[in-house]
Amino acid sequence: MSAHNLAAVLEDSATRHPDRTALVLGETRIGYAQLDAAASQVAHLLVERGINPGDRVALVCPNLPYFTIAYFGILKAGAVVVPLNVLLKARELAYHYRDADVRAVFAFEGTADLPVGTEAFAAFTESDGVETFLLITANPGAPSPIDGVETFGAAVAGRSPRFATVATDEDDTAVVLYTSGTTGQPKGAELRHRNLRDNALIGRQLFDADSERPDTYLAVLPLFHSFGQTVVQNGALAFGGTIVFLPRFEPAAAIALMLRERVSFFAGVPTMYWALLGALDGDVDVEAIADSLRVAVAGGSALPVEIHHTFEKRFGVTIQEGYGLSETSPVAAFSVADQPVRPGSIGPPIPGVELRLLSPDSWADVDWTPDAIGEIAIRGHNVFKGYLGRPDATTEVLADDGWFRTGDLARRDEDGWYYIVDRAKDLIIRGGFNVYPREVEETLLTHPAISLAAVVGVPHDTHGEEVKAVVVLKPGAPTSVAEIVEWSRGAMAAYKYPRIVEIVPALPTTATGKILKRELV
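Residues in the sequence shown are numbered from 37 upward in steps of one, following this note's numbering.
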């Protein structure tokens, strides 16, 4: 066992709690010893196929136990995990394979609606550098649905359940996480073993996590994304918790699992909380959910204050809002569990991490007042090594002294709690005035007919940009575009209220639930 290898997160818990349930999918329950043994079989397979320490292995799999098994098997072999979005098409996957120079790919076969395996294999045929492709089938004993492709189950069958984990340095790369690529091509953020290990272990301070009274986590956040990977998967396993998988988020299914498995830890993005609240009908035993729910965590994007209040009222649990990025493993700031939550705040920096507010286009701090807005910069144990193969892009955001500039705008109160204002790139400048979309969205959500809102800037001949709101209405709510515009004029300053309003049945989102604002412009 290597203490510096991130795989120790699993191995330590498997040693202490071998018979405790680690993973749950439907009726399938996998104990810690079983999970560790399965990961060891994967490690044997990789080594025997010529994968060396430091080689990169792609993992294209939704929230299934296979993801966790392969993830830790790759780490045990001393290789680097490259988790990829299951929604990517063959052309996009091929780009990632080439950019990360992956040597092997594990891909789930998928479904008719989500043909993960077909797309991943098509990308493999276009990528000269990938030497091994294994298909993860829903039924491990089933034949491969793609001619000539070996299945994951057949490849690991019969291999030893014991493996001496490859020793790594804590500064070696453990995982390459690709940014969403909202501007330009996606970049691979190299995260060290210590970045991810320390970020998972911070749950002891943030959530009072304790292996002697383990939590049950509902895995609805995609595990290929940093939030779900660290806070749910790695955080749960570090403290001997149980992970209940939901491969595709649906509010009714999530509620059913929260009841059946007595989920005590729920982590989600704001759109998931919004969907859960909308799915609470008279048949849902809200008290039973509230009885087991201990921790509710929000991140990924700003949590509307209205959702914050409504959730607390229904479940008696205050959502702890946090903040981070793929480049910060991801958690950088979090509201403090034993202090009253300040709605709208992401809290202070987590232990071992520093935050600053920078002036535009420089590394100088803003002149602080409670209303001063600056770009968040982060330094600490969670900050990544840099972008894989992109030294110039790394230098743009990562200073020699370890400070990373995020592109997010925030303010800080007298107590050191931070409040996200907006993405620097989302800032709307209308007629010379700064308009922060989140502020407009928060106001729109107080309209009695509006259920969800996203605000973007669109080109304008004289003002430079105009404010546009795209809204989802509450069922049966009587209103109109003209009424919303007129209401907004009375609720907001003249330079910031939306002159353009579009009513839609749903907002486009990423696989992680973030609203795709670029599609609304």
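C-beta: ideal position from N, C-alpha, C; glycine also.
Of the listed residues the options, nearest to residue i (C-alpha basis)
i	options	result
Val494	Ile536, Ile486 and Leu481	Ile536
Gly336	His229, Gly360 and Glu342	Gly360
Ala429	Ala200, Thr442 and His483	Thr442
Ala156	Val96, Ala513, Asp135 and Ala178	Val96
Ser328	Asp317, Leu295 and Ala245	Leu295
Val575	Tyr133, Ser76 and Glu167	Absent from the structure is residue 575, since the part of the chain shown begins at 37 and ends at 557.
Leu232	Ala255, Thr215, Glu206 and Phe243	Glu206
Ile343	Arg330, Phe440 and Gly304	Gly304
Ile382	Ser398, Arg426 and Ala334	Ala334
Tyr423	Ile409, Ala413, Phe440 and Glu411	Phe440
Pro379	Asp437, Ser362, Trp453 and Asn470	Trp453
Asp397	Ala373, Gly410 and Asn99	Gly410
Arg85	Ala513, Val141, Val372 and Leu123	Val141
Gly500	Asn41, Ile464 and Val476	Ile464
Separation of residue j from residue i, as counted between CA atoms
i	j	result
Ala338	Gly358	9 Å
Gln582	Arg127	The structure shown does not extend to residue 582, since the chain is modelled only from 37 to 557, so the question has no answer here.
Ala446	Ile456	4 Å
Asp403	Glu522	37 Å
Ala547	Asn121	8 Å
Thr161	Val93	16 Å
Thr218	Arg198	Legend: pLDDT at Thr218 = 41, less than 50; position of this residue unreliable, value from coordinates given subsequently. When rounded, the distance between both Cα atoms is 42 Å.
Leu213	His483	38 Å
Ser395	Ile355	31 Å
Gly51	Gly67	Here residue 51 turns out to be Thr, not Gly, going by the sequence shown. Whole-angstrom Cα-Cα distance: 11 Å.
Leu237	Phe370	14 Å
Ala158	Glu186	15 Å
Val299	Phe108	24 Å
Leu259	Gly146	16 Å
Val372	Leu242	7 Å
Val419	Leu227	8 Å
Leu481	His132	38 Å
Leu61	Phe281	5 Å
Thr154	Ala292	31 Å
Min CB distance residue i to chain B below 8 Å
i	result
Asp135	The chain labelled as chain B is not found in the depicted structure, where only one protein chain is given.
Where residue i falls: helix, strand or coil (DSSP)
i	result
Tyr472	coil
Leu275	Residue 275 is actually Phe in this sequence, not Leu. In this structure, Phe275 counts as coil in the three-state DSSP scheme.
Arg85	coil
Tyr531	coil
Asp327	helix
Leu295	helix
Lys223	coil
Lys349	helix
His558	Within the shown structure, residues of the chain are numbered from 37 to 557, placing residue 558 beyond reach of any answer.
Asp458	strand
Asp569	With the chain running from 37 to 557 in the structure shown, residue 569 is simply not present.
Lys421	coil
Leu71	helix
Val537	strand
Ala289	helix
Val45	helix
Pro387	coil
Beta-carbon proximity list for residue i, same chain, < 6 Å, skipping 5 on both sides
i	result
Tyr253	Val268, Ala272, Gly277, Ile279 and Phe301
Tyr472	Val457 and Asp458
Gly388	Gly416 and His417
Spatial neighbours of residue i in its chain, beta-carbon cut-off 7 Å, leaving aside the 5 residues before and after
i	result
Val192	Gln77, Val78 and Leu81
Ala542	Val508
Gly352	Ala326
task: Could you say if the region 96-108 and the region 511-528 meet the contact criterion of at least three C-beta pairs nearer than 8 Å?
output: no
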